Amino acid sequence: MGKAIDAKNLNIYYGSFLAVEGVNMSIRPKTVTALIGPSGCGKSTYLRSINRMHEVIPGARVEGRLELDGQDLYGPGVDPVGVRRQIGMVFQRPNPFPTMSIYDNVIAGMRLNSRKMRKDATDQLVEKSLRGANLWNEVKDRLDKPGSGLSGGQQQRLCIARAIAVQPDVLLMDEPCSALDPISTLAIEDLINELKMDYTIVIVTHNMQQAARVSDYTGFFNIEGTGKPGKLVEMDETKTIFSQPTEKATEDYVSGRFG
Amino acid sequence: MSTETTPGPSPADTQPPVTSTRPVVQPGDRIFSGLAKGAGILILVVLAGVAAFLLVEAVPAFTAPSAEIPGGAGFAAYVIPLVFGTLLAAVIALVIATPLAVAVALFITHYAPRRIAQGLGYVVDLLAAVPSIVYGLWGAGTLAPASVALMVWLENNLGFIPFFAGPASTTGRTMLVAGVVLAVMILPIITAVSREVFLQTPRLHEEAALALGATRWEMIRMAVLPFGRSGIISGAMLGLGRALGETMAVAIVLSVSGGITFNLIGNGNPSTIAANIALQFPEASGLGVNVLIASGLVLFLITLAVNSIARFIINRRREFSGAN
Ligand SMILES: Nc1ncnc2c1ncn2[C@@H]1O[C@H](COP(=O)(O)OP(=O)(O)O)[C@@H](O)[C@H]1O
Ligand SMILES: [Mg+2]
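Chains A and B, in that order, are what the protein sequence lines are.
So for the first sequence, numbering that gives the first Met the number 0 puts the first residue at 0; every next one is plus one.
So for the second sequence, numbering that gives the first Met the number 0 puts the first residue at 0; every next one is plus one.
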């Protein structure tokens, strides 16, 4: 668990529109990488290309190479469904399945692998995943209740539990706290710190303090103007990006003076 | 409509403003609320009128001596085979049409390229516009004769199943064919309702499934079908309502000469309530009319029961419906 990601000259398109251009990025295993940048610069697009969720949108495609521990994720014969089982994703808005109980939500991914599991084995997996997501104590008495009955922060941690239940190599998070209150946000940030023991984590965030708090590395994306492609301006250790970035644009952005 | 005579919310100055968040009522709101209320009342009045008519006209059929009822064995003996025929034809139609409609709706919403999906949706909607008499003529004139060979095959090969016990009809105007014709008739409504709910599946939940590594079909099973479940049931109930009440198509297709039987491919079939009324009414007089109306009342009750059951099914798992 916890693999490296390497993007090499990655161009990402929506139909003929080039949304993200020429990304070269190496992400070390078991680190937290934050992606920051102004709205519309392609952070989500890039993140979604890592687990091939990008191509769910009609006409969307990718050029270049993206490697997971050296394996080309876009190589011929690579099944996007398989890629998504290795690379989990947590979305901006919590999205537990409303028709499933908390229990069933956690093992939803496991069910897909259609491995027949004994009841006590799934019980264990549910407990382990919920503990891993710091949610067990809050929901252990109502595992058969719908996940949609939880608070927003709990729902988001349920989604994290669901993602880690299949033991992925990488966890992608697209602004996982932007719909949450400060306390729930803190709970998720603590969780991210624990999860990086086992997983490689890439997190998009709008919140600079959050990037500074949770990440080891930070990548800054920028866009020159509307209709232009987003680009990775620079990537470095988080403390470097926030104290002495190489690029002027990065400095302006992290100090709140961008325009 | 000026049914709104109750005083609106009292002006703020006559009462101390205990709650400062009293809603402001615009004239538009008041008109709309009046219209909505009026429409609701109108529906209830019409419904009550229909029920009263049915009850009053049906009473003589219940009180008359058995010998005077057609068949000579009382109203129950008269209506039970009809109820059976009605339910059987409708259930056959539902069993055939629902899976097909769900499949077509899924194809349109999740598999077909956009242009084909639009065309197909249009064709299905067009099916709904065909008058039922045309379906009846098609069923009796084309489908029935064409199905004779199939009936014979069913009798010879699957005859051990009571449904296909035979002897196979030589005209093809059987319960099975009537059920198929009804299925085609209710297909559009079930498809249309299913398609609408499938389209409303939140993108959020579809992506949740896909991001877990679901294939398209697994995503549909995880996110689309559970979300659309109550919609599918509603659509099926609308279809069932139409199948239960369908008159002309069944009257034309079905060759009627028997009582209760599960043999779907034979000549002797029970009629359905609606078709029976349509066929008998022109020649009925006196008590005969009351008997037909009483059978109509029975149909009314069946439809009511079906709708209540559907509502119950939909409500039972409301907690998990995703509506919260
Ligand atoms: N589904 C889509 N179809 C077409 N263009 C899109 C789609 N989603 C995003 N884009 C475009 O791609 C660019 C990057 O968007 P996005 O990755 O969402 O930015 P960010 O997450 O950094 O705010 C924007 O110009 C946006 O308009
Ligand atoms: Mg985004």
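Glycine is no exception: its CB is placed at the ideal position from the N, C-alpha and C atoms.
Just so you know, these numbers come straight off a predicted model, no measurement behind them.
Near ligand 4: residue i beta-carbon under 7 Å from a heavy atom
i        : result
A/Val203 : Inclusion of ligand 4 in the displayed structure is not the case, the ligand content consisting of ligand 1 and ligand 2 alone.
Where residue i falls: helix, strand or coil (DSSP)
i        : result
A/Lys7   : strand
A/Asn104 : helix
A/Arg92  : coil
A/Met24  : strand
A/Glu126 : helix
A/Asp119 : helix
B/Ala322 : For B/Ala322, the pLDDT reaches just 48, beneath the cut-off of 50, and the residue's location in the model is therefore unreliable, leaving the point undetermined.
B/Asn262 : coil
B/Leu181 : helix
A/Arg256 : coil
B/Asp28  : helix
B/Phe159 : coil
A/Thr199 : strand
A/Met109 : helix
A/Val19  : strand
B/Asn268 : strand
B/Ser1   : Interpretation of B/Ser1 is limited by its pLDDT of 42, a score under 50 that renders its predicted location unreliable; the figure taken from the coordinates is listed afterwards. Reduced to three states, the DSSP call for B/Ser1 is coil.
Any non-hydrogen atom of ligand 2 within 7 Å of residue i CB
i        : result
A/Lys230 : no
A/Lys227 : no
A/Asp174 : This sequence places Glu at residue 174 of chain A; Asp is not what is there. Indeed, a heavy atom of ligand 2 lies less than 7 Å from the Cβ.
A/Lys195 : no
B/Val307 : Looking at the sequence shown, residue 307 of chain B is not Val but Ser. Result no, Cβ not under 7 Å from ligand 2.
A/Lys7   : no
Span of the beta strand (DSSP E), counted from its first residue to its last, around residue i
i        : result
A/Lys230 : Gly229 to Glu236
A/Met88  : Ile86 to Val89
A/Gly63  : Ala59 to Leu67
A/Leu34  : Val31 to Ile35
A/Asn221 : Tyr216 to Ile222
Any non-hydrogen atom of ligand 1 closer than 7 Å to residue i Cβ
i        : result
A/Ile35  : no
A/Ile56  : yes
A/Tyr13  : yes
A/Ser267 : This structure cannot speak to residue 267 of chain A, because chain A is shown only from 0 to 258.
A/Phe16  : yes
A/Thr44  : yes
A/Gly21  : no
B/Gly178 : no
A/Gly218 : no
A/Gly224 : no
A/Gly41  : yes
Segment limits, alpha helix (DSSP H) that includes residue i
i        : result
B/Asn314 : Leu286 to Arg315
A/Glu193 : Pro181 to Leu194
B/Ala111 : Neither: B/Ala111 is in no alpha helix (DSSP H) and is coded neither H nor E.
A/Val253 : Lys247 to Val253
A/Thr204 : Careful: A/Thr204 lies outside any alpha helix (DSSP H) and carries neither H nor E.
A/Leu46  : Lys42 to Ile49
B/Ile276 : Ile272 to Gln279
At least three beta-carbon pairs within less than 8 Å, the region 42–50 of chain B to the region 210–220 of chain B: No: the two stretches stay apart, fewer than three of their Cβ pairs being nearer than 8 Å.
Secondary structure, alpha helix (DSSP H): runs of 4+ residues fully inside the region 197–260 of chain B: Taking only runs of at least 4 residues, the alpha helix (DSSP H) segments lying wholly in the region 197–260 of chain B are 202–210, 215–218, 224–244 and 247–252.
Every unbroken alpha helix (DSSP H) inside the region 138–171 of chain A [4 residues or more]: Runs of the alpha helix (DSSP H) spanning 4 or more residues and lying entirely within the region 138–171 of chain A occur at 151–164, in chain order.
Three-pair Cβ contact test at 8 Å for the region 260–279 of chain B versus the region 158–168 of chain B: These segments touch.
Stretch-stretch touch, CB-based, cutoff 8 Å, three pairs: the region 179–194 of chain B with the region 243–256 of chain B: Yes, the region 179–194 of chain B touches the region 243–256 of chain B.
Complete runs of the alpha helix (DSSP H) confined to the region 40–100 of chain B [at least 4 residues]: Taking only runs of at least 4 residues, no alpha helix (DSSP H) segment lies wholly in the region 40–100 of chain B.
Ordered list of alpha helix (DSSP H) runs contained in the region 118–151 of chain B, each at least 4 residues: Every unbroken stretch of the alpha helix (DSSP H) spanning 4 or more residues and falling wholly within the region 118–151 of chain B is given here in chain order: 131–137.
Three-pair Cβ contact test at 8 Å for the region 272–291 of chain B versus the region 190–199 of chain B: The region 272–291 of chain B is not in contact with the region 190–199 of chain B.
Stretch pair the region 99–115 of chain A + the region 226–244 of chain B: three plus CB contacts closer than 8 Å: Touching, no, given that fewer than three Cβ pairs across the two stretches are closer than 8 Å.
Touching by the beta-carbon criterion (3+ pairs, under 8 Å), the region 156–166 of chain A and the region 174–190 of chain A: Three or more beta-carbon pairs drawn from the region 156–166 of chain A and the region 174–190 of chain A are found closer than 8 Å, and the two stretches are therefore classed as touching.
contact_flag[the region 191–205 of chain A, the region 9–16 of chain A] where n(CB pairs < 8 Å) is 3 or more: Contact fails: fewer than three Cβ-Cβ distances are below 8 Å.
Contact the region 246–254 of chain A vs the region 38–45 of chain A: 3+ CB pairs below 8 Å: Put simply, the region 246–254 of chain A does not touch the region 38–45 of chain A. Fewer than three CB pairs are less than 8 Å apart.
Touch test, the region 138–158 of chain A against the region 85–101 of chain A, Cβ-Cβ under 8 Å, three pairs minimum: Yes: the two stretches touch, three or more of their Cβ pairs being nearer than 8 Å.
Three CB pairs or more closer than 8 Å across the region 23–32 of chain A and the region 50–62 of chain A: Fewer than three beta-carbon pairs drawn from the region 23–32 of chain A and the region 50–62 of chain A are found closer than 8 Å, and the two stretches are therefore not classed as touching.
The region 282–298 of chain B in contact with the region 55–68 of chain B per 3-pair CB rule at 8 Å: Counting C-beta pairs closer than 8 Å gives three or more between the region 282–298 of chain B and the region 55–68 of chain B, which meets the contact rule.
Touch test, the region 301–308 of chain B against the region 111–120 of chain B, Cβ-Cβ under 8 Å, three pairs minimum: Between the region 301–308 of chain B and the region 111–120 of chain B, the count of C-beta pairs closer than 8 Å stays below three; the two stretches do not touch.
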